[in-house]
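This is the structure we're talking about:
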């Protein structure tokens, strides 16, 4: 279930980024292009999360 949840969130973020880019380019609104960048960054960070380093005693 965790994998399905992660993929669903990643898909939603990708759709939101593409929508914001599209709307920003069509209307010339720079704020939506910035919003698209934020959603895309969230997509990539969510898709490839950082692994916790194990400490060696």
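Numbering (our numbering), first residue to last: 1445 to 1501. Cβ atoms here follow ideal geometry from the backbone N, Cα and C, with glycine treated the same way.
Looking at the backbone, the Cα of residue 1489 and that of residue 1464 are separated by about 18 angstroms. Take the alpha-carbon of residue 1486 and the one of residue 1452: they are about 13 angstroms apart. The C-beta distance from residue 1480 to residue 1468 rounds to 6 angstroms, short enough to fall under 8 angstroms. Here residue 1461 is near residue 1483, since their CB atoms are less than 9 angstroms apart.
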